[in-house]
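>
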Amino acid sequence: MTERYGLLIDLERCTGCRTCTVACKVEHGIEVGSGIRVETVGGAHPDTPSGTYPNLSMHYLPILCMHCEHVPCRDACPAEAIHRRADGIVLVDPDRCTGCEECIPACPYGALFFDQDKKTVRKCDLCFHRLGAGFEPFCALCCPEEAIRYGDLSDPNSEVSRLIAERNAYVLKPELATGPAIHYCTPKRLALT
Amino acid sequence: MSFARPVMIQPGETVVRTVCPFGCGIACGILAHVRDGRLVRVEPGDFPHTSHVCARGLSVPRLVYHPERLKYPLKRRGPRGEGQWERISWDEAIGIIAEKFTRIGQTYGTQSLAFVSTGVGILANLVTVGFAGACQGIFILPAGLGDSAGPCADMASYGAYQWFGEDYANRFDNPAFCLVWGNNPAVTEPFKWRRIREAKEKGALLVVIDPLFTTTASKADEYIPIRPGTDAALALGMMNVILEKGLHDIAFLTRYTVAPLLVRSDNSLFLRMNDIVLDEAAEYLAWDIRSNAHVAHTAGAEPALTGTYNVNGIPCKPAFQLLSELIRQYPPSRAAEISEVPEDIIRRLATAYATARPAAIYRGMGCTRGSFHGDLSFRAINTLAALTGNVKVESPRNCLYNAAAFLTHGVPGFVTLLQMYETILTGNPHPIKSLWMTRHNLVNQDPNFNKIIRELLPQLELVVVADLFMTTSARYADIILPTCSPFEFDDLAAPIGNGSHDYLQLQQKVIEPLYESRSDLDIYASLAKRMGIDGFLDKTAVEYLEMILASGHPSMEGITLERLREGPSPPEPYDTPPFATPSGRVEFYSERLKPFGQELPVYFEPLESQNRPLAKKYPLTFFSTHPKYRFHSMFANVSWIRELDPEPVLSINPVDAAPRGIHDGNLVRAFNDRGEVQLKARVHQGIRPGLVNLSQGWSPGDYFKGTHQALTHETINPAQAAIYEPNSAFYDTLVEVELVKEAGR
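Chains A and B are the protein sequences, given in the same order.
Take 896 as the starting number for the first sequence in my numbering and just add one per residue.
Take 5 as the starting number for the second sequence in my numbering and just add one per residue.
Quick look at the structure:
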């Protein structure tokens, strides 16, 4: 059976600390931008809630390449610089990328960005170089809340598969049928009786 | 070196286990990757109990190799603060300082030489204290920089300092209820938050009390907004509900608190055996219900907690009776009126807290900075915990050492940070004429910026700054000395307080000192030599670390450098009483605070609250909370961090913004009689109406005009001064905010 690498991101745990964002910069040598950014689901600015004081709500949503099964960015790339590996990891080949940026609007998740220093489009590569050597992605290693779990989605007994089932995890924009490998689980709340 | 977990190491790299030494006090264990003598990256340590890393920690190489790092000593040219510098040699810098120290010391006495330093490195701080002692000078105790009200409260309640740790009220294995109070640990205290999150994932309820809707609040099952600085009133209201419902823990109160101790009605002091029988010991007394007579408080009696008694003609009440009388003045209706927490919420919260076992309270600096009487806020919360028996009967333990080895040439005089202001202005009790700041950005971070600039600095004949960067303080220096980054020398690091972890760790030298930078030890050693202080600081760093470990405190018994090279070490077990108060019990009644009318945890209105007349002129409370990405003023110059948080903004609720004509992104001016700051407004709902907030640590150059500390004040709370150190009540500050029509940086 072929592996399919993916992540489960626990939004209950995510505190929006952006350690993942900086971890990605460290691992990939990115000066401006990152393969993973953290959006605030709430108000108009980072770390602001929706609602009216004091009835408010806010959570954080890390956004990265979804490593789609059906890859819209690949389809949009005129240079054929984007490919999907057998294990599901979608990569941009920096040698082929011309920096035309046509892939950027094609991604429904806004996960690609133009690296001004390298003059190529960049995105999360799931730290495939680390996975190959038996290490987890650097963002998952550094996440202080252990909110990012990595594993093989094709193995129903992997921790990540088990948690996806247990926590009723979901993918973003399922209506687009892109088949993301990045899954999320949502906050739950108790009540003070 | 081997690691507990697999570590991916690139060819040509070596990995050193060390500590993230940048001042947040948490001391996270990290692995430093080094290639060709250069620190290339950092990742979380391999030791699970200390392992953690944040956006700052990962950016550390950017700080170490920052192009703006100070590279060589500088001497001021032209007027102070105008930014004209001349490069000088270390020899010249040390010569100038030695000459001025000698001259100033001869003119005004050696107690005119003052020193301050901060940071987690034990040796780095000890050498400053030691050098101040060797000069017969003054060491400025820096805890009053917003951090001292908590220790003030806990000294009174428990007889123990607790910095950010909260062992007594929350070190339970599986709390069923987590009450986070004026604290945002999900952002500021990751290890504490880890414990809360784990409890929550096991089913504990999380309730957050805060005027701000913080990240922690966003994770809560219930968020309870409160009027700033009124935490003691809420705690008293909760205690009222608990007493009313009989939910208090009589057994705990009797055994572990001063509840049964008799207090004399004539002088408010505890009744002691030698009050009634001459020549007897000064033992505390209680009233035994069975024998209807006074007994020693340690006797196995059934002591009364309530009522009025007469002991040999002296009218007395048990301390619990006095506490109950205070609590009865705060029914939920009154607590609600003061705190603006609705009465029904106070009732529900009190009941939930008192009936969950164990229930943990995680207090924060929102309480202790939120009011000039922040220590009373904490004491009221401590009393709430004691009333319900939610107090761990065990003193926190740390790796402690004896500083004597560094005080061989004298012990400095000590002045607290806030008392420094008056001392410099009046020359009383010490004629301070020189100030040396090591990694303490005093001019940027301490209250009342304009007073520092306009009144304090002109009194000083010499200002020396030893730091990594041209900080705001360095800009006002006469001599600037470039110090090593903590990756460039050996030290020991223990976390400040117990809120994170208890481990002592080796801060290993990872790279050689960059440029002409020197370690604190080297700087003071060469200055001591030049000043003719013989035999002082003449050993190597490693020799001093061994001396610290072997300084004789049982917490470090048997901990060696070899052991620390293998990994962190917890403190060795040592004997210490659970409560080191005068009575050995939890003291919700403190005799020492009687002169201030604060023997009980009373509620006092904040100094600059919205109920004060000053609020007519300045109606908004001004907070300056800890930043999410910087550590105070540090890391603001690191591009990766700047990308996450590019500029200062003033949070303001639409309710306050609209009548002032302020829209999101407008340039605004926050001001009061002390000063002003100009920055962009961020209009959003996550902030309480009547309150404005910015994340502190920005430097004057980051604002359009002014600076946030121009608004704050250094008023001394005498009760805090008597018990420990007076605190900067940064958030007990009123301002007005207005739209700035014309921008002009």
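Backbone N, C-alpha and C fix where the C-beta goes; we use that ideal spot for every residue, glycine too.
Pick from B/230, B/531, B/607 and B/716: whose alpha carbon is nearest that of residue 422 of chain B?
Taking the second sequence and counting its residues from 1, one reaches residue 422 of chain B at position 418. Of B/230, B/531, B/607 and B/716, the residue nearest in Cα terms is B/716.
> Going along chain B in order, which residues have a C-beta closer than 9 Å to the C-beta of residue 1040 of chain A?
Residue 1040 of chain A sits at position 145 when you count from the first residue of the first sequence. In chain order: 190, 194, 197, 198 and 201.
> Give the single residue among B/493, B/616 and B/464 whose Cα lies nearest to the Cα of residue 480 of chain B.
Walking along the second sequence from the start, residue 480 of chain B turns up at place 476. If we check each option's Cα against that of residue 480 of chain B, B/464 comes out closest.
> Identify, in the order they occur along the chain, each residue of the same chain with its Cβ nearer than 7 Å to the Cβ of residue 644 of chain B, setting aside the five sequence neighbours on each side.
Counted from its first residue, the second sequence places residue 644 of chain B at position 640. Answer for residue 644 of chain B: 63 and 66, listed in chain order.
> Buried or exposed, going by whether 16 or more other CB atoms sit within 10 Å of the CB of residue 314 of chain B?
The residue labelled residue 314 of chain B in the question sits at position 310 within the second sequence. So residue 314 of chain B counts as exposed.
> Please check if any C-beta of chain A sits within less than 8 Å of the C-beta of residue 648 of chain B.
The sequence position of residue 648 of chain B within the second sequence is 644, counting from 1. Yes, its Cβ sits closer than 8 Å to a Cβ of chain A.
> Taking residue 1019 of chain A as the query, report the chain B residues whose CB atoms sit under 8 Å from its CB, ordered along the chain.
Position 124 of the first sequence holds residue 1019 of chain A. In chain order: nothing, as chain B lies at least about 17 Å away.
> Using the rule of at least 16 other Cβ atoms within 10 Å of the residue's Cβ for burial, across every protein chain shown, is residue 18 of chain B buried or exposed?
In the second sequence, the residue the question calls residue 18 of chain B occupies position 14. It is exposed - the Cβ of residue 18 of chain B has fewer than 16 other Cβ atoms within 10 Å.
> Taking C-beta pairs closer than 9 Å, name the residues in chain B that residue 953 of chain A reaches, listed in chain order.
The sequence position of residue 953 of chain A within the first sequence is 58, counting from 1. Those within 9 Å of residue 953 of chain A in chain B are 217, 219, 221, 222 and 690.
> Return the residue from the list B/97, B/50, B/117 and B/228 that minimises the CA-CA distance to residue 436 of chain B.
Counting from one through the second sequence, the residue named residue 436 of chain B turns up at place 432. When only C-alpha atoms are compared, the closest one is B/117.
> Check each residue of the stretch 50-77 of chain B: if its Cβ is closer than 7 Å to any Cβ of chain A, include it; give the result in chain order.
Going along the stretch 50-77 of chain B in chain order, one finds 56, 57, 58, 59, 62 and 63 with a Cβ nearer than 7 Å to chain A.
> Using a Cβ cut-off of 7 Å, pull out every chain B residue sitting near residue 927 of chain A, in sequence order please.
The count along the first sequence starts at 1 and reaches residue 927 of chain A at position 32. The contacting residues are 647.
> Using a cut-off of 8 Å between C-beta atoms, extract the partners of residue 12 of chain B located in chain A.
Here residue 12 of chain B refers to the residue found at position 8 of the second sequence. Neighbours of residue 12 of chain B on chain A, chain order: 1025, 1028 and 1030.
> Leaving out five residues before and five after residue 321 of chain B in sequence, what residues of the same chain have Cβ atoms less than 6 Å from its Cβ?
Locating residue 321 of chain B in the second sequence gives position 317, counting from the first residue. The answer, listed in chain order, is 267 and 312.
> Span of the beta strand (DSSP E) holding residue 935 of chain A?
As a position in the first sequence, residue 935 of chain A is number 40, starting the count at 1. Looking at the DSSP string, the run of the beta strand (DSSP E) that includes residue 935 of chain A is 931-936.
> Less than 8 Å between the beta carbons of residue 197 of chain B and residue 208 of chain B, yes or no?
Locating residue 197 of chain B in the second sequence gives position 193, where the first residue counts as 1. Locating residue 208 of chain B in the second sequence gives position 204, where the first residue counts as 1. Going by C-beta atoms, residue 197 of chain B is not nearer than 8 Å to residue 208 of chain B.
> Mind checking which residues open and close the alpha helix (DSSP H) that includes residue 102 of chain B?
As a first step, residue 102 of chain B must be located in the second sequence, where it is residue number 98. It spans 94-112 - the alpha helix (DSSP H) in which residue 102 of chain B sits, taken as one unbroken run.
> Please tell me whether residue 176 of chain B and residue 141 of chain B are closer than 8 Å, where the distance is taken between their beta carbons.
Walking along the second sequence from the start, residue 176 of chain B turns up at place 172. Walking along the second sequence from the start, residue 141 of chain B turns up at place 137. No. Outside cutoff.
> Using the beta-carbon count (16 or more within 10 Å), is residue 656 of chain B buried or exposed?
Here residue 656 of chain B refers to the residue found at position 652 of the second sequence. Label assigned to residue 656 of chain B: buried.
> Of all the options B/154, B/70, B/694 and B/704, which has the alpha carbon lying nearest to the alpha carbon of residue 231 of chain B?
Here residue 231 of chain B is taken as the residue at index 227 of the second sequence, counted from 1. Looking at the Cα atoms, B/694 is the closest of the given residues.
> Considering only DSSP beta bridges, list what residue 955 of chain A is partnered with.
As a first step, residue 955 of chain A is located in the first sequence; it is residue number 60 there, counting from the start. Its beta-bridge partners are A/935.
> By Cβ distance below 8 Å, which residues in the same chain neighbour residue 680 of chain B in space, the five residues on each side in sequence not counted?
Residue numbering aside, residue 680 of chain B sits at position 676 when the second sequence is read from its first letter. 673, 674, 709, 710, 714 and 715, listed in sequence order.
> Kindly indicate if chain A contains any beta-carbon less than 8 Å away from that of residue 748 of chain B.
Taking the first residue of the second sequence as position 1, residue 748 of chain B is located at position 744. Any reading at residue 748 of chain B must be qualified, since the residue scores a pLDDT of 47, below 50, and its modelled position is unreliable; the value itself is stated next. Residue 748 of chain B does not count as touching chain A.
> For residue 535 of chain B, name the three-state secondary structure that DSSP assigns.
Locating residue 535 of chain B in the second sequence gives position 531, counting from the first residue. Coil.
> Which ranges does the beta strand (DSSP E) cover as unbroken runs of at least 3 residues, wholly within the stretch 337-401 of chain B, from first to last along the chain?
The stretch 337-401 of chain B contains these whole beta strand (DSSP E) runs: 363-367.
> Please state the DSSP three-state secondary structure of residue 649 of chain B.
Here residue 649 of chain B is taken as the residue at index 645 of the second sequence, counted from 1. Three-state result, residue 649 of chain B: coil.
> Restricting to Cα atoms, I'd like to know which of B/236, B/289 and B/303 is closest to residue 336 of chain B.
Along the second sequence, read from residue 1 onward, the residue named residue 336 of chain B stands at position 332. Measuring from the Cα of residue 336 of chain B, the nearest candidate turns out to be B/236.
> Can you name the residues of chain A whose CB is closer than 9 Å to the CB of residue 48 of chain B?
On the second sequence, residue 48 of chain B is found 44 positions in, with the first residue counted as 1. Ordered by position in chain A, the residues that pass the 9 Å Cβ test against residue 48 of chain B are 1036, 1037 and 1039.
> Considering only the beta carbon of each residue, do residue 572 of chain B and residue 51 of chain B sit closer than 8 Å?
Taking the first residue of the second sequence as 1, we reach residue 572 of chain B at position 568. Taking the first residue of the second sequence as 1, we reach residue 51 of chain B at position 47. A contact, by the Cβ cut-off of 8 Å.
> Nearest CA to the CA of residue 186 of chain B: which residue from B/370, B/225 and B/385?
Taking the second sequence and counting its residues from 1, the one referred to as residue 186 of chain B is at position 182. Ranking B/370, B/225 and B/385 by Cα distance to residue 186 of chain B puts B/370 first.
> Count the other CB atoms, across all protein chains shown, that sit within 10 Å of the CB of residue 917 of chain A; report buried if there are 16 or more and exposed otherwise.
Here residue 917 of chain A corresponds to residue number 22 of the first sequence, with the count starting at 1. Residue 917 of chain A should be labelled buried.
> Of all the options B/738, B/726 and B/640, which has the alpha carbon lying nearest to the alpha carbon of residue 677 of chain B?
Counted from its first residue, the second sequence places residue 677 of chain B at position 673. The candidate whose alpha carbon is nearest that of residue 677 of chain B is B/738.
> Helix, strand or coil for residue 442 of chain B? Go by DSSP, reduced to three states.
The residue you call residue 442 of chain B lines up with position 438 of the second sequence. Residue 442 of chain B falls in the strand class under three-state DSSP.
> What distance in whole Å lies between the Cβ atoms of residue 343 of chain B and residue 220 of chain B, which are believed to be in contact at a cut-off of 8 Å?
Residue mapping note: residue 220 of chain B aligns to position 216 of the second sequence, counting from 1. Residue mapping note: residue 343 of chain B aligns to position 339 of the second sequence, counting from 1. Contact doesn't hold; Cβ gap of about 19 Å is too wide.
> Please list, in chain order, the chain A residues whose beta carbon lies closer than 8 Å to that of residue 227 of chain B.
By one-based count along the second sequence, residue 227 of chain B stands at place 223. Residues of chain A passing the Cβ test: 949 and 951.
> Which residues of chain B have a Cβ atom closer than 9 Å to the Cβ of residue 912 of chain A, listed in chain order?
Taking the first residue of the first sequence as position 1, residue 912 of chain A is located at position 17. Near residue 912 of chain A (Cβ distances below 9 Å), the residues of chain B are 58, 59, 190, 191, 194, 219, 632 and 633.
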